[in-house]
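Here the structure is laid out as structure tokens; the discussion comes afterwards.
Protein chains in written order, with the working numbering: chain A, 1 to 245; chain B, 246 to 519.
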């Protein structure tokens, strides 16, 4: 099942891109990048880059989809045709993208006070413009920042990270090489202040102890990414306020 | 295609939801089951004579048919010496008043992909023995899941039906033309090469601080969270949170429940009766 990678995934305690197993790639986050959207953000985990836009809350259309007691959320995860390393990706939505749209919606809904906006709709659009692993994790962080930027009341941000098994070692924030050749992949989304897990997917082959350890490591990495997300929000809002006053 | 918060079927009458939730808090469910008790599992194999492998599984009132058809195709470029597995799921309009006619929606796609990952990552099928001509020709195993009646926990039932159908699949042989080109020979068959790493999906629901297995239809729409964990040979091979949220402790408990229950469910499946 596991095939040999073109370069060793782990050599002398360092990963193929020079990182330690518990090291997250360089993070870049910017908020308010799309002026037409009610909220927007661009998030990079290393070379993986996702642009998020939020429209709403607005009147739900078609009307029969509206819920009487809360807002509905519509999430679209999509990969740009030029975002992949090899062949052009067909822009038609794949089964993978439809499934990821669904798990991301299920991961974001617990964080938003949907009950404050009955009969309305919140749109979240996620476009992966460059993919190098952990695209759904970066999408979650970008979506949360865009929702916050739209001023939508939230219980917490949802921060995404992937944890994986490479050569029996647990590593965080997998790149596409590690995702492809590693022995296991665990994309996870966590609300860091509440401690709630809202995205939890996994494949590979995991013993109980490795899996429990991987979840613990995810919490630590999420803490670090959350710090960067807070800084991005501060930069957008507090510094803007300071400039005015 | 985007994913939209579902309507209709998710609106369970408040009174029913309250009674389901209260019952779970007391430790006995409205149906009389314990929190860690599966419904009756009944199964039958070889139910479709036109398929190369088939099974029907009834998990309580949930009913799922799985049919396996073998074909020939090109192997994936990154796995030239392996066969190809394709899992598809249809939730028939028969299955509940809420299922719609049309191509598979996000629930059916998720169902198929969760079952697919369980089978794939468990290594249950010996894919290397399904190569025909390395790089150019390999067996393609089509597993089609048909949900006939939806009384909840489709993932576990669909996984059981798929595994049983594969376990009883007879693989057509290979016949060669004068040019050497292979084609299927359905008159000469062999057993599909499988291993002892049988994937068993265990779906766990959460209501308040209580975890329960095998949620039925009414319970599913009263849950605060649901996660499906697939176990093979005491290893977790796939998982998916499909609803709500979990705390770290709850996820750890869910993993323990899945590792504990999987051998029991497998034993019951092997015996084909309660």
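Think of the CB as a built atom: it goes at the ideal place given N, C-alpha and C, for glycine as much as any other residue.
For residue 271 (chain B), the enclosing alpha helix (DSSP H) begins and ends at 259-271. For the region 156-202 of chain A, the continuous alpha helix (DSSP H) assignments of 4+ residues that do not extend past its boundaries occur at 176-181, in sequence order.
Around the CB of residue 124 (chain A), 16 or more other CB atoms lie within 10 Å, so the residue is classed as buried.
In terms of Cβ geometry, residue 93 (chain A) and residue 116 (chain A) do not form a close pair [threshold 8 Å]. Here DSSP, grouped into helix, strand and coil, assigns residue 71 (chain A) to coil. With distances taken between CA atoms, residue 186 (chain A) lies nearest to B:484 out of B:464, B:484 and B:435. By the neighbour-count definition (other C-beta atoms within 10 Å, threshold 16), residue 7 (chain A) is an exposed residue. By the Cβ-count criterion, residue 149 (chain A) is buried, with 16 or more other Cβ atoms from all chains shown falling within 10 Å of its own Cβ.
Only those residues of the region 185-206 of chain A whose C-beta falls short of 7 Å from the nearest C-beta of chain B are listed: 195, 196, 197, 198, 199, 200, 201, 202, 203, 204, 205 and 206. Note on geometry: alpha-carbon atoms of residue 379 (chain B) and residue 318 (chain B) lie some 11 Å from one another.
When the alpha-carbon of residue 158 (chain A) is set against those of A:136, A:9 and A:181, the nearest one is in A:136.
The Cβ atoms of residue 355 (chain B) and residue 97 (chain A) do not sit closer than 8 Å to each other. Chain A places a beta carbon closer than 8 Å to that of residue 493 (chain B), counting this residue as a contact. In the DSSP assignment, residue 449 (chain B) is bridged to B:458 and B:472.
Look at the region 274-343 of chain B and you find these whole runs of beta strand (DSSP E), each 3 residues long or longer: 286-290, 298-304, 307-318 and 329-336.
With 16 or more other Cβ atoms inside 10 Å of its own Cβ, residue 210 (chain A) counts as buried. A distance below 8 Å separates the beta carbons of residue 307 (chain B) and residue 394 (chain B).
Using a Cβ-Cβ cut-off of 8 Å, residue 87 (chain A) does not count as an interface residue toward chain B, since no Cβ of chain B sits closer than that to its own. Closer than 7 Å at the C-beta level to chain B, one finds these residues of the region 205-221 of chain A: 205, 206, 207, 208, 211, 212, 215 and 219. The CB of residue 354 (chain B) comes closer than 7 Å to the CB of 95, 98 and 99 in chain A, given here in chain order.
Around the C-beta of residue 14 (chain A), fewer than 16 other C-beta atoms lie within 10 Å, and the residue is accordingly described as exposed.
By alpha-carbon distance to residue 437 (chain B), the top candidate from B:372, B:264 and B:462 is B:372.
Using a 10 angstroms sphere on the CB of residue 220 (chain A), the tally of other CB atoms stays under 16, which defines it as exposed.
In this structure, residue 463 (chain B) keeps its C-beta atom at 8 Å or more from the C-beta atom of residue 453 (chain B). Between residue 42 (chain A) and residue 23 (chain A), the C-beta spacing is not below 8 Å. In the three-state reduction of the DSSP assignment, residue 105 (chain A) falls in the helix class. Within the same chain, 442 come within 6 Å of residue 478 (chain B) by CB-CB distance, once the 5 residues on both sides are set aside.
In summary, residue 451 (chain B) is buried, with 16 or more beta-carbon neighbours lying within 10 Å of its beta-carbon over all protein chains present. Residue pairing from DSSP places residue 27 (chain A) in a beta bridge opposite A:45.
Contact of residue 75 (chain A) with chain B by beta-carbon distance below 7 Å involves 247 and 248.
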